[in-house]
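Working notes, beginning with the structure itself.
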Amino acid sequence: MPAQPFFFIRVGRKHVKLTYSEVVYIESLANYVKIHTETSPYLTPMTMKQLIRLLPPDMFCRVNRSIIVPINRILSFDKDGVILKGMKFAFGEGYKKELEARIHIISQEQNNPPPMKVCPDGLQPG
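Going by the working numbering, the sequence shown opens with residue 24, and the numbers climb by one from there.
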(Lines of atoms letter the chains of each structure in order from A and count residues from 1; the text may use other names and numbers.)
(Lines give C-alpha, C1' and ligand atoms only; values in the text may rest on other atoms or scores of the structure.)
Protein backbone atom coordinates (compact mmCIF):
# COMPACT_ATOMS: atom_id res chain seq x y z
CA MET A 1 0.00 0.00 0.00
CA PRO A 2 1.36 3.44 -0.87
CA ALA A 3 2.20 5.87 1.93
CA GLN A 4 -0.89 7.90 1.01
CA PRO A 5 -4.12 6.43 -0.41
CA PHE A 6 -4.41 9.28 -2.91
CA PHE A 7 -2.55 11.17 -5.62
CA PHE A 8 -2.96 14.41 -7.56
CA ILE A 9 -3.19 14.84 -11.33
CA ARG A 10 -3.11 17.97 -13.42
CA VAL A 11 -6.42 18.72 -15.12
CA GLY A 12 -6.29 21.99 -17.04
CA ARG A 13 -4.89 24.64 -14.69
CA LYS A 14 -5.63 22.83 -11.44
CA HIS A 15 -4.56 19.68 -9.65
CA VAL A 16 -7.27 17.18 -8.75
CA LYS A 17 -7.02 14.73 -5.86
CA LEU A 18 -7.99 11.12 -6.64
CA THR A 19 -7.87 8.08 -4.41
CA TYR A 20 -6.37 4.89 -5.79
CA SER A 21 -9.54 3.02 -4.82
CA GLU A 22 -11.83 5.18 -6.98
CA VAL A 23 -9.91 4.45 -10.21
CA VAL A 24 -11.92 2.10 -12.46
CA TYR A 25 -9.41 1.96 -15.33
CA ILE A 26 -6.91 4.15 -17.17
CA GLU A 27 -6.86 4.65 -20.92
CA SER A 28 -4.09 5.97 -23.17
CA LEU A 29 -4.88 8.79 -25.60
CA ALA A 30 -1.60 9.69 -27.39
CA ASN A 31 0.34 11.91 -24.95
CA TYR A 32 -2.56 12.00 -22.49
CA VAL A 33 -4.14 9.49 -20.18
CA LYS A 34 -7.81 9.40 -19.27
CA ILE A 35 -8.33 8.19 -15.72
CA HIS A 36 -11.84 6.78 -15.43
CA THR A 37 -13.18 6.96 -11.88
CA GLU A 38 -16.48 5.96 -10.32
CA THR A 39 -17.78 9.51 -10.77
CA SER A 40 -16.06 11.01 -13.81
CA PRO A 41 -13.17 10.69 -16.29
CA TYR A 42 -10.11 12.95 -15.96
CA LEU A 43 -7.77 13.77 -18.83
CA THR A 44 -4.19 14.62 -17.89
CA PRO A 45 -1.07 15.28 -20.00
CA MET A 46 1.07 12.20 -19.39
CA THR A 47 2.03 9.04 -21.24
CA MET A 48 1.16 5.53 -20.09
CA LYS A 49 4.85 4.79 -19.67
CA GLN A 50 5.25 7.74 -17.29
CA LEU A 51 2.10 6.89 -15.35
CA ILE A 52 2.75 3.17 -14.86
CA ARG A 53 6.10 4.02 -13.23
CA LEU A 54 4.29 6.23 -10.70
CA LEU A 55 1.44 3.88 -9.78
CA PRO A 56 1.87 1.30 -6.99
CA PRO A 57 2.79 -1.96 -8.81
CA ASP A 58 0.89 -4.09 -6.31
CA MET A 59 -2.32 -2.16 -7.08
CA PHE A 60 -2.26 -1.57 -10.86
CA CYS A 61 -1.35 -3.60 -13.91
CA ARG A 62 -1.13 -2.78 -17.58
CA VAL A 63 -3.13 -5.26 -19.70
CA ASN A 64 -2.27 -3.87 -23.13
CA ARG A 65 -0.62 -0.81 -24.68
CA SER A 66 -3.69 1.34 -24.01
CA ILE A 67 -5.20 0.14 -20.71
CA ILE A 68 -4.14 -0.03 -17.04
CA VAL A 69 -6.52 -1.64 -14.55
CA PRO A 70 -6.63 -1.72 -10.76
CA ILE A 71 -5.88 -5.31 -9.76
CA ASN A 72 -8.59 -5.30 -7.07
CA ARG A 73 -11.27 -4.53 -9.70
CA ILE A 74 -10.48 -7.61 -11.81
CA LEU A 75 -13.37 -10.07 -11.47
CA SER A 76 -11.81 -12.74 -13.68
CA PHE A 77 -9.38 -13.28 -16.52
CA ASP A 78 -8.55 -15.87 -19.12
CA LYS A 79 -6.08 -16.21 -21.98
CA ASP A 80 -7.84 -13.43 -23.90
CA GLY A 81 -8.28 -10.67 -21.35
CA VAL A 82 -9.53 -9.31 -18.03
CA ILE A 83 -13.11 -8.75 -16.96
CA LEU A 84 -14.05 -5.85 -14.72
CA LYS A 85 -17.61 -5.00 -13.74
CA GLY A 86 -19.35 -4.41 -17.07
CA MET A 87 -16.10 -4.26 -19.10
CA LYS A 88 -13.64 -6.58 -20.80
CA PHE A 89 -10.15 -5.60 -21.96
CA ALA A 90 -8.05 -7.81 -24.22
CA PHE A 91 -4.51 -8.73 -23.21
CA GLY A 92 -1.68 -7.39 -25.30
CA GLU A 93 1.37 -9.54 -26.03
CA GLY A 94 3.11 -10.48 -22.76
CA TYR A 95 0.76 -8.57 -20.45
CA LYS A 96 -1.06 -11.68 -19.14
CA LYS A 97 2.24 -12.96 -17.72
CA GLU A 98 2.80 -9.58 -16.07
CA LEU A 99 -0.60 -9.81 -14.37
CA GLU A 100 -0.02 -13.40 -13.26
CA ALA A 101 3.29 -12.36 -11.71
CA ARG A 102 1.52 -9.71 -9.60
CA ILE A 103 -1.35 -11.75 -8.23
CA HIS A 104 -1.74 -14.81 -6.03
CA ILE A 105 -3.41 -17.74 -7.79
CA ILE A 106 -4.46 -20.72 -5.70
CA SER A 107 -4.39 -23.79 -7.89
CA GLN A 108 -4.05 -27.53 -7.62
CA GLU A 109 -1.43 -27.27 -10.37
CA GLN A 110 0.97 -25.40 -8.10
CA ASN A 111 3.99 -27.22 -6.78
CA ASN A 112 2.56 -29.18 -3.90
CA PRO A 113 4.86 -29.95 -0.97
CA PRO A 114 5.82 -33.61 -0.72
CA PRO A 115 3.53 -35.74 1.45
CA MET A 116 4.54 -36.09 5.08
CA LYS A 117 5.50 -39.47 6.53
CA VAL A 118 5.30 -40.29 10.19
CA CYS A 119 8.73 -41.34 11.44
CA PRO A 120 9.86 -42.26 14.97
CA ASP A 121 11.53 -38.84 15.29
CA GLY A 122 8.48 -36.90 14.03
CA LEU A 123 7.14 -35.77 10.66
CA GLN A 124 9.57 -35.81 7.78
CA PRO A 125 8.97 -34.83 4.16
CA GLY A 126 8.77 -37.96 2.12
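The beta carbon of each residue, even a glycine, is placed where N, CA and C say it ideally should be. Being a predicted model, the structure only gives us computed values, none of them experimental.
- Residue 37 sits in a strand when the DSSP states are folded into three classes.
- Measuring C-alpha to C-alpha distances from residue 103 to each of 67, 41, 119 identifies 119 as the nearest.
- Our two residues, residue 78 and residue 38, have alpha carbons roughly 17 Å apart in a direct line.
- Counting along the chain, residue 111 sits inside the beta strand (DSSP E) bounded by residues 110 to 113.
- The bridge partners DSSP lists for residue 46 are 60.
- Annotation for residue 85: no alpha helix (DSSP H) segment contains it, though the beta strand (DSSP E) segment containing it runs 83 to 87.
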